[in-house]
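Sequence order for the protein chains is A and B.
Just so we're aligned, residue 152 is where the first sequence starts under this note's numbering, counting upward by one.
Just so we're aligned, residue 82 is where the second sequence starts under this note's numbering, counting upward by one.
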Amino acid sequence: MPRYLVERTFDGGLQIPVSAEGAGICLNVVGTNADLGVTWVHSYVSEDKTKTFCVYDGPSPEAIRQAASRNGLPVDRITRVSVLDPYFYQ
Amino acid sequence: MGLLERDPFLTELSRRLQEGTAGKGSLVLVAGEAGVGKTALIQAFSRTVDGTARLLIGACDPLSTPRPLGPLVDIAAEVGGELDRLLATGEHRHRAFRTFLELLQHPDQPVLVVIEDVHWADEATLDLLRFLGRRIASTRALVVTTHRDDEVGPQHPLRVVLGDLATAPAIRRITLPPLSAAAVGVLAQGSGLDPVALYRQTNGNPFFVTEVLAGDGDGIPPTVRDAVLARLARLSPAARALLDVAAVIGTSVEAALLVAAAGAEEDAVEECLGKGMLRAEVRGYAFRHEMVREAILAELTPQRRMALHRAVLGALRGSEPGPDDLARLAHHAEEAGDRAAVLAYAPAAARQATRLQAHRAAAAQYARALRFAERLDPVERAALLEARAFACYLLGELDAAIQARDEALAIWRRQGNRLKEGENLRWLSRLSWRRGYRSDAERFAQAALEVLERLPPGPQLAMAYSSQAQLRMLAFDADEAIAWGERAIALAEQYEDTETLIHALNNVGTARLVVGDERGHALLERSLQLALEADSEDDVARALSNLGTVAMGMYQVELADRYLTEALAYCIDRDLDANLFCGLGTLTVIRLRQGRWAEAAETAGQVMRRPGISPITYAEVLTALGCLRVRRGDPEVDSALDRALELAASVGELQELGPVYAARAEAAWLAGDLTRAAAEARAAYGLALRCREPWLVGELAYWQMRAGEPPADIPDWIAEPFALQLQGNGQAAADAWYRLGCPYEQARALAESDDPAALRQALDICAQLGARPLAAFATRRLREMGARRIPRGPRPSTRVNAAQLTQRELEIAQLLAAGLRNAEIAERLYLSRKTVEHHVSAVLAKLDATTRTEAAARAAALGIVAPI
Numbered sequence: 152m153p154r155y156l157v158e159r160t161f162d163g164g165l166q167i168p169v170s171a172e173g174a175g176i177c178l179n180v181v182g183t184n185a186d187l188g189v190t191w192v193h194s195y196v197s198e199d200k201t202k203t204f205c206v207y208d209g210p211s212p213e214a215i216r217q218a219a220s221r222n223g224l225p226v227d228r229i230t231r232v233s234v235l236d237p238y239f240y241q
Numbered sequence: 082m083g084l085l086e087r088d089p090f091l092t093e094l095s096r097r098l099q100e101g102t103a104g105k106g107s108l109v110l111v112a113g114e115a116g117v118g119k120t121a122l123i124q125a126f127s128r129t130v131d132g133t134a135r136l137l138i139g140a141c142d143p144l145s146t147p148r149p150l151g152p153l154v155d156i157a158a159e160v161g162g163e164l165d166r167l168l169a170t171g172e173h174r175h176r177a178f179r180t181f182l183e184l185l186q187h188p189d190q191p192v193l194v195v196i197e198d199v200h201w202a203d204e205a206t207l208d209l210l211r212f213l214g215r216r217i218a219s220t221r222a223l224v225v226t227t228h229r230d231d232e233v234g235p236q237h238p239l240r241v242v243l244g245d246l247a248t249a250p251a252i253r254r255i256t257l258p259p260l261s262a263a264a265v266g267v268l269a270q271g272s273g274l275d276p277v278a279l280y281r282q283t284n285g286n287p288f289f290v291t292e293v294l295a296g297d298g299d300g301i302p303p304t305v306r307d308a309v310l311a312r313l314a315r316l317s318p319a320a321r322a323l324l325d326v327a328a329v330i331g332t333s334v335e336a337a338l339l340v341a342a343a344g345a346e347e348d349a350v351e352e353c354l355g356k357g358m359l360r361a362e363v364r365g366y367a368f369r370h371e372m373v374r375e376a377i378l379a380e381l382t383p384q385r386r387m388a389l390h391r392a393v394l395g396a397l398r399g400s401e402p403g404p405d406d407l408a409r410l411a412h413h414a415e416e417a418g419d420r421a422a423v424l425a426y427a428p429a430a431a432r433q434a435t436r437l438q439a440h441r442a443a444a445a446q447y448a449r450a451l452r453f454a455e456r457l458d459p460v461e462r463a464a465l466l467e468a469r470a471f472a473c474y475l476l477g478e479l480d481a482a483i484q485a486r487d488e489a490l491a492i493w494r495r496q497g498n499r500l501k502e503g504e505n506l507r508w509l510s511r512l513s514w515r516r517g518y519r520s521d522a523e524r525f526a527q528a529a530l531e532v533l534e535r536l537p538p539g540p541q542l543a544m545a546y547s548s549q550a551q552l553r554m555l556a557f558d559a560d561e562a563i564a565w566g567e568r569a570i571a572l573a574e575q576y577e578d579t580e581t582l583i584h585a586l587n588n589v590g591t592a593r594l595v596v597g598d599e600r601g602h603a604l605l606e607r608s609l610q611l612a613l614e615a616d617s618e619d620d621v622a623r624a625l626s627n628l629g630t631v632a633m634g635m636y637q638v639e640l641a642d643r644y645l646t647e648a649l650a651y652c653i654d655r656d657l658d659a660n661l662f663c664g665l666g667t668l669t670v671i672r673l674r675q676g677r678w679a680e681a682a683e684t685a686g687q688v689m690r691r692p693g694i695s696p697i698t699y700a701e702v703l704t705a706l707g708c709l710r711v712r713r714g715d716p717e718v719d720s721a722l723d724r725a726l727e728l729a730a731s732v733g734e735l736q737e738l739g740p741v742y743a744a745r746a747e748a749a750w751l752a753g754d755l756t757r758a759a760a761e762a763r764a765a766y767g768l769a770l771r772c773r774e775p776w777l778v779g780e781l782a783y784w785q786m787r788a789g790e791p792p793a794d795i796p797d798w799i800a801e802p803f804a805l806q807l808q809g810n811g812q813a814a815a816d817a818w819y820r821l822g823c824p825y826e827q828a829r830a831l832a833e834s835d836d837p838a839a840l841r842q843a844l845d846i847c848a849q850l851g852a853r854p855l856a857a858f859a860t861r862r863l864r865e866m867g868a869r870r871i872p873r874g875p876r877p878s879t880r881v882n883a884a885q886l887t888q889r890e891l892e893i894a895q896l897l898a899a900g901l902r903n904a905e906i907a908e909r910l911y912l913s914r915k916t917v918e919h920h921v922s923a924v925l926a927k928l929d930a931t932t933r934t935e936a937a938a939r940a941a942a943l944g945i946v947a948p949i
């Protein structure tokens, strides 16, 4: 399954409440993704919370976009990536 | 005693029948291993609804060639009326399907339809199941089927139908489990048998358990077969012989037939009934359980089996058999080894099957006849081969069809029958083309012409001309295609050969349209009309598809959309799955060109997930997908376009090669590799010029120009928008694209302009589409011109603003949705609290919400704010 890096911009800044509600929102995203065969691995969030870099596994770039659309998430750019680890070459 | 451990299933069936009565029909597929009690469940359920619901029962035959549409024929006999009439006359089975559906949609009382043993169902019945399954939710009926899931492997035709129905609403699979140890214990009470041993030996299989319990009680037989045989051993020889005959006859045994075939006395029948081997039915008798019948069949020696089949065949013939009995007669004839009977009945059974569009059954019957045709007169054998080839062709089994035609051809050559030789050569051409063997197709078409032109003209020559027309049309050789096609039309009209006329009109019409001759429209429309009248499904789909494809090739996306929508609706209505996915391929390209990119991605995905797609459709979809990714700036462009090129090259036609090279040129250009862009565009340019295709020539010339290597030879008949761009008139080109309804091409033309306003407009369109690379290009150009206030690029707020919130209201809505209180929002945005309160009221009002939580949910649902 290919891995993708998805860059997103949130003008108002990304806010997920640290609460049951926030957990519920995250799980909803996971569920919607599952229907499309997309897995949210994890995300990196910039300090001012306006940019995120999200790592996804999925079958195609189109599936990533469809999942984003269903979850109401913006997509700036999708890059296909593979993992490189500093200890890989040891 | 009622059935053990089946109450939940009975309850569910009751509920579904009630829902059906209320207008929500459903299809329930009851699956389970042999002997687990599927029939028992259905019968118990039928008893509970007896009197309150109408019961329609159809059975599938356990024959190698079952009666085509057997269950529907059974039901029609019960229902009578229009349905019965339609099946008896030769009308297209689609009407019978529709009539049956209407019956289920407007019944007088609740309807329960039962079709058992669908693992034996013939192909036409499976088509009926697919048809019903897709439409059942709109009926007032409950349709219940049973099948042995241990006999339905991955390659089984029923598996395909189940797959097709996987996403249909109102379909439910019930798998009946064997009995639990406790239930076996209950049944074993008072029998003297150890319930634990009984459970272990039978694994809870209800049939096995009841067989053992009905036995002598001296031990538990090791297998079901042994249990059954033990019971059979206690019958008198006369009764046993009777059962042998009944087993050969089948699951449903007509009383008169049994008596005639077995010469049975009443006592023997009574004994079988009394000892529970047979049970009485409406039409005669049936085995208590199919496994009893199978056990009996397995015990027969080959000689005894043949003799039994002979007896049954004789009795069946003597009983004034009708057309529905032909499949059975052919089956018994083969099992009896009666060559004359096979040659008498199998072809007739095949013709009956063809009348019901049961092509697989027809092909199988012809194959059966051919197995016994070695010593048959060669002319008759050739006729059988040709009939089989035609059935295989309709079935889509082209290799088998080609093989049969080859054999027939050899016979006609030996006979010196030139007319027949020509006809088969022409068929070989058509089959080879379908199969993808293009050079063979050309070779055979040429040979057919050579043979047939030496003879007086006739329908065969008309078809040969039409085949030539088709091959030339696909090669974009319009002049030749039209010439051949018009000769075909003239002959076809003269000999009133409608099939050839439909084919030829399509070829000439398409050929004319492709080179911009509008007269082609009338011809294609006429082909469509004739095909609709003749109920020639494949030809209808082909005509609509061609009309759509041709329009799409000319970027007439509105018109193409309309034709494709009609084509897809027809394919869905007639369950023409193969044509449907070809149509979806074309729709993908239409959506791409309309700028409806999310939908284009959706249909592309649907096509790609389907196995067995033709290389042409695959190439088309991969090209569109590659184009989509390039325009969005998404990854995996090369993997899509490289594969598309491979497929297009294997077919070798401009129709696929042109678009893929254009897409590759575009990809290279957007990546900044001008040399490669020019090379890719050049690769197909010569071919496009030779084919005189104005749009592809225009597009390929355009890319060569953008790459800085314009071709020397640009004809004046290229398509208008590209001609304008090549002349440097970007604005006029953009207007032309706008009128055609192609936003990306419009933006592309605007982006070449030196006018900042045009560039800004291009950026707007790119923002709406999500066309990042083109937007970047336009932005760069604006910057180079020294323009100020360059828009930052696509942002969620500009893309979707369904509630018409202002920019400030959007900001506040996002913070509100994130859970901030008014004071916090005020602090964050450097506003006064009063101002924030005012905006929050406005936001709530516009989102039609009464609380902040409600507003947050609405905003998320509308895509205005990101929920996380």
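Even for Gly, the Cβ is constructed at its ideal location relative to N, Cα and C.
Please list the terminal residues of the continuous beta strand (DSSP E) segment that includes residue i.
i: arginine 493 of chain B; result: The sequence shown places tryptophan at residue 493 of chain B, rather than the arginine named in the question. Where tryptophan 493 of chain B is concerned, there is no enclosing beta strand (DSSP E), although the alpha helix (DSSP H) it sits in stretches over 479 to 496.
i: threonine 932 of chain B; result: It is not in any beta strand (DSSP E) - threonine 932 of chain B carries neither H nor E in the DSSP assignment.
i: phenylalanine 204 of chain A; result: 202 to 208
i: tyrosine 366 of chain B; result: 365 to 368
i: valine 688 of chain B; result: Note, valine 688 of chain B: premise wrong, no beta strand (DSSP E); alpha helix (DSSP H) at 678 to 690.
i: arginine 154 of chain A; result: 154 to 160
For residue i, is the beta carbon positioned less than 7 Å from some heavy atom of the ligand FAD?
i: glycine 867 of chain B; result: The model depicted lacks the ligand FAD and carries no ligand whatsoever.
Classify residue i as helix, strand or coil using the three-state DSSP reduction.
i: arginine 876 of chain B; result: For arginine 876 of chain B, the predicted structure reports a pLDDT of 48, less than 50, and the residue's modelled location is therefore unreliable. A value from the coordinates is still provided. Coil at arginine 876 of chain B, not helix or strand.
i: tyrosine 238 of chain A; result: coil
i: glutamate 534 of chain B; result: coil
i: valine 360 of chain B; result: In the sequence on display, residue 360 of chain B carries arginine and not valine. Strand at arginine 360 of chain B.
i: asparagine 882 of chain B; result: Note that asparagine 882 of chain B has pLDDT 44, beneath the 50 cutoff, so the model's placement of it is unreliable and the number below is only indicative. In this structure, asparagine 882 of chain B counts as coil in the three-state DSSP scheme.
i: valine 192 of chain B; result: strand
i: isoleucine 949 of chain B; result: Caution is warranted here: a pLDDT of 43 is assigned to isoleucine 949 of chain B, below 50, making its placement in the model unreliable, and the coordinate value is therefore given only provisionally. Note: isoleucine 949 of chain B maps to coil in three-state DSSP.
i: aspartate 199 of chain A; result: coil
i: aspartate 816 of chain B; result: helix
i: aspartate 88 of chain B; result: helix
What are the boundary residues of the alpha helix (DSSP H) that includes residue i?
i: histidine 193 of chain A; result: Taken as a continuous stretch (DSSP letters only), histidine 193 of chain A belongs to no alpha helix (DSSP H), being part of the beta strand (DSSP E) at 190 to 196.
i: arginine 432 of chain B; result: 420 to 436
i: arginine 179 of chain B; result: 174 to 186
i: arginine 516 of chain B; result: 499 to 516
i: serine 107 of chain B; result: Not the alpha helix (DSSP H): serine 107 of chain B falls in the beta strand (DSSP E), residues 107 to 113.
i: arginine 449 of chain B; result: 440 to 452
i: glycine 173 of chain A; result: 171 to 186
Using 8 Å for Cβ pairs, my map puts residue i next to residue j. What's the rounded Cβ distance?
i: glycine 104 of chain B; j: leucine 185 of chain B; result: In fact, because the Cβ distance is near 11 Å, the residues do not count as touching under 8 Å.
i: alanine 349 of chain B; j: alanine 319 of chain B; result: 4 Å
i: aspartate 231 of chain B; j: alanine 115 of chain B; result: 7 Å
i: leucine 156 of chain A; j: threonine 203 of chain A; result: In fact, because the Cβ distance is near 10 Å, the residues do not count as touching under 8 Å.
i: tryptophan 818 of chain B; j: proline 796 of chain B; result: The pair is not a contact, with the Cβ atoms about 21 Å apart (cut-off 8 Å).
Runs of beta strand (DSSP E) lying entirely within the segment 222 to 282 of chain B, each at least 3 residues, in chain order: DSSP runs (the beta strand (DSSP E)) wholly in the segment 222 to 282 of chain B: 222 to 229 and 252 to 256.
Contact residues within the segment 226 to 240 of chain A, judged by C-beta distance below 7 Å to chain B: Legend: CB atoms of the segment 226 to 240 of chain A lying less than 7 Å from CB atoms of chain B belong to residues Arg228, Ile229, Thr230 and Arg231.
Could I get the ranges of all uninterrupted alpha helix (DSSP H) runs contained in the segment 275 to 336 of chain B, with 4 residues as the minimum, in chain order? Fully enclosed alpha helix (DSSP H) runs of 4 or longer: 276 to 283, 287 to 295, 305 to 313 and 318 to 330.
Could you run through the segment 833 to 851 of chain B and flag, in chain order, every residue whose CB is less than 7 Å away from some CB of chain A? Answer set for the segment 833 to 851 of chain B: empty.
Members of the segment 649 to 678 of chain B near chain A, C-beta cut-off 7 Å: Of all residues in the segment 649 to 678 of chain B, none has a Cβ within less than 7 Å of some Cβ in chain A.
With a floor of 4 residues, list each alpha helix (DSSP H) that falls wholly inside the segment 607 to 639 of chain B, ordered by position along the chain. Counting whole runs of 4 or more residues, the segment 607 to 639 of chain B contains the alpha helix (DSSP H) stretches 618 to 634.
Counting only Cβ-Cβ distances shorter than 9 Å, please list the residues of the segment 894 to 912 of chain B near chain A, keeping chain order. Legend: CB atoms of the segment 894 to 912 of chain B lying less than 9 Å from CB atoms of chain A belong to residues Ala894, Gln895, Leu896, Ala898, Ala899, Gly900, Leu901 and Arg909.
Chain B contacts from the segment 179 to 202 of chain A (Cβ-Cβ distance under 9 Å): Residues of the segment 179 to 202 of chain A with a C-beta atom less than 9 Å from some C-beta of chain B are Asn179 and Val180, listed in chain order.
Please list, in chain order, the residues of the segment 927 to 938 of chain B that have any C-beta partner in chain A closer than 7 Å. Result list empty, no residue passes.
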